[in-house]
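Q: Would you mind keeping the following structure in view while I ask a few things?
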Amino acid sequence: MEEKKNISLPENAHRELKEGETYKPILDSRKQYAEVTPYSVTMGVLMVILFSAAAAYLGLKVGQVFEAAIPIAIIAVGVTSALKKVDGLSQNVIIQSIGGCSGAVVAGAIFTLPAIYILGVEVNFWQMVLSSLLGGVLGILFLIPFRKYFVKEMHGKYPFPEATATTQVLISGEGGGASAKTLVTAGLIGGLYDFCVATFGTWAETISTTVMGWGTVVADKAKLVLKMNTGAAVLGLGYIIGLKYSFIICCGSLLVWLVIIPLMNLIWGADVIDLMNTGVTTAIGDMAPEQIFKDYARHIGIGGIATAGIIGIVKSFGVIKSAASLAVSEFRRKPGTLNENALRTEEDLPMKTIVFGVVIALLAIFAFFAFGGVVGNVWQALVGLVIVAVVAFLFTTVAANAIAIVGSNPVSGMTLMTLIIASLILVAVGLKGNAGMAAALIIGGVVCTALSVAGSFITDLKIGYWIGSTPKKQEGWKFLGVAVSAVTVCGVMLVLNKTYGFTGDNALVAPQANAMAAVIQPMFSGGGAPWLLYGIGAAIALVLNFCKVPALPFALGMFIPIDLNLPLLVGGAISWYVSTRSKDASVNSARMEKGTLIASGFIAGGALMGVVSAILKFAHVDLFLTQWNASYGEAVAIVPFLCLIAYMVYASMKTSK
439 MEEKKNISLP ENAHRELKEG ETYKPILDSR KQYAEVTPYS VTMGVLMVIL
489 FSAAAAYLGL KVGQVFEAAI PIAIIAVGVT SALKKVDGLS QNVIIQSIGG
539 CSGAVVAGAI FTLPAIYILG VEVNFWQMVL SSLLGGVLGI LFLIPFRKYF
589 VKEMHGKYPF PEATATTQVL ISGEGGGASA KTLVTAGLIG GLYDFCVATF
639 GTWAETISTT VMGWGTVVAD KAKLVLKMNT GAAVLGLGYI IGLKYSFIIC
689 CGSLLVWLVI IPLMNLIWGA DVIDLMNTGV TTAIGDMAPE QIFKDYARHI
739 GIGGIATAGI IGIVKSFGVI KSAASLAVSE FRRKPGTLNE NALRTEEDLP
789 MKTIVFGVVI ALLAIFAFFA FGGVVGNVWQ ALVGLVIVAV VAFLFTTVAA
839 NAIAIVGSNP VSGMTLMTLI IASLILVAVG LKGNAGMAAA LIIGGVVCTA
889 LSVAGSFITD LKIGYWIGST PKKQEGWKFL GVAVSAVTVC GVMLVLNKTY
939 GFTGDNALVA PQANAMAAVI QPMFSGGGAP WLLYGIGAAI ALVLNFCKVP
989 ALPFALGMFI PIDLNLPLLV GGAISWYVST RSKDASVNSA RMEKGTLIAS
1039 GFIAGGALMG VVSAILKFAH VDLFLTQWNA SYGEAVAIVP FLCLIAYMVY
1089 ASMKTSK
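The sequence shown begins at 439 in the working numbering and counts up by one.
Shown next, in the form of structure tokens:
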């Protein structure tokens, strides 16, 4: 058993290195450690299955996929310590790296593939699995050549917030399991809380201003309404996102719900507006605010997201050029020409292997498109392949750059733009109707998963760089995690679709998938796209960028329902409060870290119990108190929600050092 002792990252882990200075990781680069073992691989696969199911449920419910890295790291530390494993730290990095595929593949899948069910097109289970699997493989292969650029050449220039938090969990866990205890406690509280809501309907999941008489009148006449989800998982998500980005997201949401929707009613209330030629017959003034949002206002957010993605590519051109130069030099370098090649921590998969891997992956994608029932002929398959290859490569650096700077991957916005481009091109080459929509969604799923996995993987590689893992081993075993997660998440989607569905009353929100369905359906059905609304969103994004306000989170707020955005702001406010009350910076840091563990517990517990609730409903076990919930649910909901907030604040503030 390894001796438990206090360990920490070197002093120069988070700053730029001076001339001639080198970074030495915690684990000696010249020594060998147990990294890939039957234990670490088995645990990693179990984490993939567990968190793929949890992240899929939460993402489809609220439109946000939580990063599983922190809770997986905590569980890995707790189990490894309990089993008294030798070389626990090195094995935990592999567990976290394999397990981290869950959130990445889930994001790629649920942002696109549920639109298949929403649109009612014919796509089988294995087509969805292959879409996620091939996209994930391509994302790994495209990212590896950029590893040295992001994790080594840019050392100290990027904050890597997600990697920093996960690394701290892994190294602090070497001294004990207190963090795991905090996570388990919060997981039980958050899980039971959300289980009471989803399974029994003990109180309402969403509270609204319409619960009061005056609120109903205002919503009907002025189209003004505010809603807030009271779930533990969404609150925890807001804490981890933080006040800054939660506030920006909410600003986008409030602009739509408090300004744009009422203005639409004021200006066009008596008119029937059919921007997409889909046969709309209802005047805007006769629609509920929610319907105006769904049919019109959220398209402004879509335009903003697409424009933010373009801005990201332009800003990342230098990154692409620098990283590509490094990759080319690595490809041309002869083995053994540099001393650093002898270091374990500098061993990547050989560049020739990466190149051949990319070629094989692209050939497999072409075969999938041409002969897997995705498109109608070889020419259309070739067009789809070019779209995937070009867009995935260009956006890989955008995704990695976003993760490195803010810890958030703008994959949904980039995928929306991909779908718009793909739809226009596919229609031009003769694909229309349901077949065209299915093809566009499968292509979008491949790109979305590639970008999501690439962005997530750079976090794993930075964690390994700080701790001293072998990149080659992380890279090689990442493929297994992607494969397991692809099968798991597509299976969970089948269950959730049959249980809740993605359309109609009480359906899962799946906001990104709904937005993507709304984007492509008119293009393949003889209609058009709401270019006016896209243009307004694009103009807003450009203005925000000019004012140096992050356009992407603002645009996301414009198309995600407001009831899922307001609790993010509450969670972000809690994170700001607990991390600023003390004059001692170390106390604030400790409180923030403990709050992060509690928030992670809320997310994991709430999402996992949500899956349990879905399984019960799928098995027709009906325990929901429908009449009670309809009569008293909203009035009661505020009390347990305030109790949840109080617990989060109290438990975080209790930490003093």
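The beta carbon of each residue, even a glycine, is placed where N, CA and C say it ideally should be.
Which residues in the same chain as residue 695 place their Cβ atom closer than 6 Å to its Cβ, once the five residues preceding and following it in sequence are excluded?
A: 1000
Q: Please determine, among 977, 1027, 909 and 821, the residue with the shortest C-alpha to C-alpha distance to residue 805.
A: 821
Q: In its own chain, which residues sit with a C-beta less than 7 Å from the C-beta of residue 722, not counting the 5 before and 5 after it?
A: 702, 703, 706, 707, 709, 711 and 730
Q: So, are the CB atoms of residue 989 and residue 746 less than 7 Å apart?
A: yes
Q: Check residue 703 in the structure and name its three-state DSSP category.
A: helix
Q: Tell me, please, which residues DSSP counts as bridged to residue 644.
A: 667
Q: So, helix, strand or coil for residue 586, using DSSP?
A: helix
Q: Pop quiz: residue 510 and residue 532 are said to be a contact at Cβ under 8 Å. What is the actual Cβ separation, rounded to whole angstroms?
A: Between residue 532 and residue 510 the Cβ distance is about 11 Å, and since that is not below 8 Å, they are no contact.
Q: Terminal residues of the continuous alpha helix (DSSP H) containing residue 1001?
A: 1000-1016
Q: Can you list, in chain order, the residues of its chain whose CB lies under 8 Å from that of residue 680, leaving out five sequence neighbours each side?
A: Within the same chain, 1010, 1013 and 1014 come within 8 Å of residue 680 by CB-CB distance, once the 5 residues on both sides are set aside.
Q: Under a three-way DSSP split, which group does residue 557 fall into?
A: For residue 557, the secondary structure class from DSSP, reduced to helix, strand or coil, is helix.
Q: Could you check what DSSP says for residue 677 in three-state terms: helix, strand or coil?
A: Helix.
Q: Distance check for residue 909 and residue 462, CA to CA, integer angstroms please.
A: 15 Å
Q: How is residue 455 classed by DSSP in three states: helix, strand or coil?
A: coil
Q: Residues in the same chain with beta-carbon distance under 6 Å from residue 916, minus the five sequence neighbours each way, listed in chain order, please.
A: 578
Q: What is the C-beta distance between residue 713 and residue 968, in whole angstroms, given that I count them as a contact (C-beta under 8 Å)?
A: 4 Å
Q: Hey, residue 690 and residue 995: beta-carbon distance below 7 Å or not?
A: yes
Q: Ignoring anything shorter than 4 residues, give me the alpha helix (DSSP H) runs that lie fully in the segment 792-876, in order along the chain.
A: Entirely contained in the segment 792-876, the alpha helix (DSSP H) runs reaching 4 residues are, in chain order, 816-844 and 849-866.
Q: If we count the other Cβ atoms within 10 Å of its Cβ and call it buried at 16 or more, is residue 1181 buried or exposed?
A: Nothing about residue 1181 can be read from this structure; the chain reaches only from 439 to 1095.
Q: How would you write the range of the alpha helix (DSSP H) that residue 752 sits in, first residue to last?
A: 736-753
Q: Return the CA-CA distance between residue 567 and residue 823, expressed in angstroms with no decimal places.
A: 17 Å
Q: Should residue 880 and residue 812 be called a contact, given that it needs their Cβ atoms to be closer than 7 Å?
A: Note that the C-beta distance between residue 880 and residue 812 is below 7 Å.
Q: When you compare only the Cα positions, how much space is there between residue 514 and residue 946?
A: 31 Å
Q: Go ahead and pull the three-state DSSP assignment for residue 448.
A: Judged by DSSP in its simplified three-state form, residue 448 adopts coil rather than helix or strand.
Q: Compute the distance between the beta-carbons of residue 884 and residue 573, then report whether it is under 7 Å.
A: Contact: yes.
Q: Between which residues of its own chain and residue 766 is the CB-CB distance below 7 Å, once the five residues before and five after are set aside?
A: none
Q: Whole angstroms are fine: how far does the CA of residue 535 sit from the CA of residue 789?
A: Their backbone Cα atoms lie some 21 Å apart in a straight line.
Q: Candidates 929, 600, 467 and 899: which alpha carbon is nearest residue 565's?
A: 929
Q: Given that a residue counts as buried once 16 or more other Cβ atoms are within 10 Å of its Cβ, and exposed if not, what is residue 530?
A: buried
Q: Taking the alpha-carbon positions, what's the residue 753 to residue 658 distance?
A: 44 Å
Q: Just list the alpha helix (DSSP H) runs in the segment 905-943, keeping only unbroken ones of 4 residues or longer that don't cross its boundaries, in chain order.
A: 909-937
Q: Please name the residue in 1039, 726 and 669 whose C-alpha comes closest to that of residue 623.
A: The shortest Cα separation from residue 623 among 1039, 726 and 669 belongs to 1039.
Q: With C-beta atoms as the reference, is residue 455 less than 7 Å away from residue 593?
A: yes
Q: Below 8 Å on the Cβ atoms is my guess for residue 548 versus residue 948; work out the distance and round it to an integer in Å.
A: 7 Å
Q: Based on Cα-Cα distance, which residue from 954, 962 and 802 lies nearest to residue 869?
A: 962
Q: Can you give me the Cβ contacts of residue 1004 inside the same chain, cut-off strictly under 8 Å, excluding the 5 residues immediately before and after it?
A: 664, 665, 666, 667, 688 and 691
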